[in-house]
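Residue numbers (the working numbering), protein chains in the order written: chain Z, 16 to 393; chain U, 223 to 509.
We treat Cβ as the ideally placed atom computed from N, Cα and C, and that holds for glycine.
Model, not experiment: these values are computed from the prediction.
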Amino acid sequence: MKLHEYQSKQLFSKYGVPIPKGRVAATASEAKQIAEELGGRVVVKSQVLVGGRGKAGGIKVAKDPAEAEQFATHILGMEIKGLPVRKVLVDEAAAIEQEIYLGITNDRAARKPVMMASAAGGVDIEEVAATTPEKIVKVHIDPLLGLRDYQARDIAASIDLPRDYWRDFGPIASGLWQAYSANDATLAEINPLVITKDKRLLALDGKMLIDDNALFRHPNLAEMRDIDEEAPSETEARKYGLSFIKLDGNIGCMVNGAGLAMTSMDVIKLFGGSPANFLDIGGGAGADKVAAALRIILDDKNVKAVLYNIFGGITRCDEVAKGILAAMEEVKPKVPMVVRLVGTNAEEGRALLANAHMITAETLAEAAQKAVAAAQGA
Amino acid sequence: MSILINKNTRLLVQGITGNEGLFHTTQMVAYGTHVVAGVTPGKGGEWVLNGKVPVFDSVKLAVEATGANASVIFVPARFAADAMFEAADAGLPLIVCITEGIPVQDMMRVRNYLDQKNVRLVGPNCPGLLTPGEAKVGIIPGNIAIPGNVGVVSRSGTLTYEVLYAMKNLGMGASTCVGIGGDPINGTNFIDVLEMFEHDPQTEKVILIGEIGGTEEEKAAEYIASKMTKPVASFIAGQTAPPGKRMGHAGAIIEGGAGTAADKIKALEAAGVRVAKHPEEIPTLLK
Numbered sequence: 016m017k018l019h020e021y022q023s024k025q026l027f028s029k030y031g032v033p034i035p036k037g038r039v040a041a042t043a044s045e046a047k048q049i050a051e052e053l054g055g056r057v058v059v060k061s062q063v064l065v066g067g068r069g070k071a072g073g074i075k076v077a078k079d080p081a082e083a084e085q086f087a088t089h090i091l092g093m094e095i096k097g098l099p100v101r102k103v104l105v106d107e108a109a110a111i112e113q114e115i116y117l118g119i120t121n122d123r124a125a126r127k128p129v130m131m132a133s134a135a136g137g138v139d140i141e142e143v144a145a146t147t148p149e150k151i152v153k154v155h156i157d158p159l160l161g162l163r164d165y166q167a168r169d170i171a172a173s174i175d176l177p178r179d180y181w182r183d184f185g186p187i188a189s190g191l192w193q194a195y196s197a198n199d200a201t202l203a204e205i206n207p208l209v210i211t212k213d214k215r216l217l218a219l220d221g222k223m224l225i226d227d228n229a230l231f232r233h234p235n236l237a238e239m240r241d242i243d244e245e246a247p248s249e250t251e252a253r254k255y256g257l258s259f260i261k262l263d264g265n266i267g268c269m270v271n272g273a274g275l276a277m278t279s280m281d282v283i284k285l286f287g288g289s290p291a292n293f294l295d296i297g298g299g300a301g302a303d304k305v306a307a308a309l310r311i312i313l314d315d316k317n318v319k320a321v322l323y324n325i326f327g328g329i330t331r332c333d334e335v336a337k338g339i340l341a342a343m344e345e346v347k348p349k350v351p352m353v354v355r356l357v358g359t360n361a362e363e364g365r366a367l368l369a370n371a372h373m374i375t376a377e378t379l380a381e382a383a384q385k386a387v388a389a390a391q392g393a
Numbered sequence: 223m224s225i226l227i228n229k230n231t232r233l234l235v236q237g238i239t240g241n242e243g244l245f246h247t248t249q250m251v252a253y254g255t256h257v258v259a260g261v262t263p264g265k266g267g268e269w270v271l272n273g274k275v276p277v278f279d280s281v282k283l284a285v286e287a288t289g290a291n292a293s294v295i296f297v298p299a300r301f302a303a304d305a306m307f308e309a310a311d312a313g314l315p316l317i318v319c320i321t322e323g324i325p326v327q328d329m330m331r332v333r334n335y336l337d338q339k340n341v342r343l344v345g346p347n348c349p350g351l352l353t354p355g356e357a358k359v360g361i362i363p364g365n366i367a368i369p370g371n372v373g374v375v376s377r378s379g380t381l382t383y384e385v386l387y388a389m390k391n392l393g394m395g396a397s398t399c400v401g402i403g404g405d406p407i408n409g410t411n412f413i414d415v416l417e418m419f420e421h422d423p424q425t426e427k428v429i430l431i432g433e434i435g436g437t438e439e440e441k442a443a444e445y446i447a448s449k450m451t452k453p454v455a456s457f458i459a460g461q462t463a464p465p466g467k468r469m470g471h472a473g474a475i476i477e478g479g480a481g482t483a484a485d486k487i488k489a490l491e492a493a494g495v496r497v498a499k500h501p502e503e504i505p506t507l508l509k
């Protein structure tokens, strides 16, 4: 789950990272009022969950409240990479001397969190990473011990941060680590962390990704999810514990297991079709989950056929069959359905579906070919 | 011979009285696996499966009483890390964690702790292990595989079943099938298992089932090119997956252009691995 800039910075601030004064606004007049309260120059920043906001014109520095209102009006009417801007953050503007990058993410190869820093921070950090990776310092953190103070000092020294700032840098690095570990983040990033002309360190921008699997122990973060920024079908799927991603094709897929769900998409494509979605009903799915999944698939009007590929292990085919029957009763689908049940309790499942007028298949290749043919015929 | 598990495995089930734990314990026992104990805190002293398997309050007590030498974990995600710590601290040399949806920071702590001990963890978010005809530890349906000389290693669960089933339909058997799981941080990786298969006299050929995300397949390709003498065939799931979207498994995501199916297939083919177009084709590549 992605957090907005203002949400990320508020969390960072809670752990002692200095951030600019500012607030979020949903209207231009609110933006003006915040600018009046702050006084002086302000920066008006679109709050959308994509990168490249600045380059898209979604971040503007205003010299006075009237200009802040004018920029907010413009930015609140924008779409950035297809996402409408619904909120702007109005922050006091900082006079910047240097931009630093500081972030923590999971290094899956090392199986440890890694803190990264660079003296070449700012909007071009990806470019720096691609062309001059040696300018990015990486320090692995032992997840059982946490970030040690000496590691923060080493980072400060490695990026040639002037010694005068080391005392302030330590708590910022440590605060970022605490924000990352206490909130089950998979990414916590300050870009840029600036040295201001009046010799302070300040986190001007913030980004956090939270591990969806850990939201059960962070109800406060779960509430921060911005459902305006995702497809409604994906929101609905999450409610039922389904893993769903909408795609552009016309064959709806219901599969158990992520690997097999991806493979079913691949095989549909291999035989000339196009999948409408990725959908993993998960391990051990019961009838109610299956029924919800079918409703979500059929909500997509592009869907011309549905492929069920269920290989029972922890999932029992008879449970899935019951779910299919319950959902068909409810939504009365008009598109052809191809079903393939193999594995745990497959025979019981097939017996339950015997009178349901579905196209059956033995192998995945056969099921995919039949689904492609059915979608073309519909 | 086989790897990791055989008919001498004495298995303990953590989370044995839960819905999934009990169902799959029944299946494992029916397959012939020696399930010697179960653990559910607060239910010590009870018996399950009509008095066949004793339940203990802790892993330590269960190991002391039964001599269990492997554990399989079915507990819910929020308790799974603790279950792995408990099994490791009780001295079990093999832990197989089936649970999916474990927070990744939990897994980093577990993995870094287990690395300090002599413990092999398989999973999490995996289907477990199957040595056909001898033992199954986990949830792989026993009747879809027959004994043989092909080692199978996979990041996926149900996709593995597809391949085992296709093998069986061709009369091809497996020495051991190892599901290493679909999470970004896991206990056992492809190279660990490839090395075991390379040294296992029963295994003559190997099937590697990978998917998008991470670089484990690329590392496996390097290992195969430099160290393996046995032929390997493969399939990579996610060839049609869009970048930046997590495909169910926490590990299956194409990030920053890395971890694509195309890259993995290229690396494997360069290592002399034959890569199938769809999973049912894999066994035919080893015929």
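Whether residue i touches residue j by CB criterion (9 angstroms)
i	j	result
VAL385 of chain U	PRO501 of chain U	yes
ILE446 of chain U	ALA498 of chain U	no
GLY264 of chain Z	ILE312 of chain Z	no
SER376 of chain U	ILE429 of chain U	yes
ALA308 of chain Z	GLY470 of chain U	no
VAL297 of chain U	GLY345 of chain U	no
GLY481 of chain U	THR410 of chain U	no
ILE324 of chain U	ASN228 of chain Z	yes
THR211 of chain Z	ILE140 of chain Z	no
GLU20 of chain Z	ALA50 of chain Z	no
GLU82 of chain Z	VAL209 of chain Z	no
LEU176 of chain Z	ALA134 of chain Z	yes
GLY237 of chain U	ILE295 of chain U	yes
LEU236 of chain Z	LEU18 of chain Z	yes
Rounded distance between the beta-carbons of residue j and residue i, thought under 8 angstroms
i	j	result
ALA443 of chain U	LEU381 of chain U	Not confirmed; about 19 angstroms, so no contact.
PHE27 of chain Z	GLY190 of chain Z	6 angstroms
ASN292 of chain Z	PHE259 of chain Z	6 angstroms
VAL495 of chain U	VAL454 of chain U	5 angstroms
VAL59 of chain Z	LYS78 of chain Z	The Cβ separation is near 11 angstroms, so there is no contact.
ILE225 of chain Z	ALA200 of chain Z	6 angstroms
ASN324 of chain Z	SER279 of chain Z	5 angstroms
THR262 of chain U	THR288 of chain U	So it is not a contact: roughly 15 angstroms between Cβ atoms.
Cutoff 9 angstroms: residue i Cβ touching any chain U Cβ
i	result
GLY274 of chain Z	yes
ILE311 of chain Z	no
MET277 of chain Z	yes
PHE231 of chain Z	yes
ARG123 of chain Z	yes
PHE184 of chain Z	no
Cross-strand partners of residue i (DSSP beta bridge)
i	result
ASP295 of chain Z	Z:SER258 and Z:VAL270
ALA396 of chain U	U:VAL372
PHE326 of chain Z	Z:VAL357
VAL251 of chain U	Beta-bridge pairing links VAL251 of chain U to no other residue.
CYS319 of chain U	U:ILE295
PRO290 of chain Z	Z:ILE266
TRP181 of chain Z	TRP181 of chain Z is not bridged to any residue.
HIS500 of chain U	Answer is none; HIS500 of chain U lacks a bridge partner.
Rounded separation between residue i and residue j - CA only
i	j	result
THR451 of chain U	PHE412 of chain U	16 angstroms
GLY264 of chain U	VAL275 of chain U	16 angstroms
ARG168 of chain Z	GLY185 of chain Z	7 angstroms
GLY432 of chain U	PHE301 of chain U	28 angstroms
SER456 of chain U	LYS486 of chain U	10 angstroms
VAL305 of chain Z	THR247 of chain U	25 angstroms
ASP164 of chain Z	GLY72 of chain Z	39 angstroms
GLY435 of chain U	THR120 of chain Z	16 angstroms
VAL277 of chain U	PHE231 of chain Z	28 angstroms
PHE419 of chain U	GLY313 of chain U	25 angstroms
GLU322 of chain U	ALA305 of chain U	13 angstroms
ILE518 of chain U	CYS348 of chain U	Not covered by the structure: residue 518 of chain U. The range shown for chain U is 223 to 509.
Closer than 9 angstroms to chain Z by CB, residue i
i	result
ARG496 of chain U	no
TYR383 of chain U	yes
MET469 of chain U	yes
GLN249 of chain U	yes
VAL235 of chain U	no
SER378 of chain U	yes
VAL326 of chain U	yes
MET330 of chain U	yes
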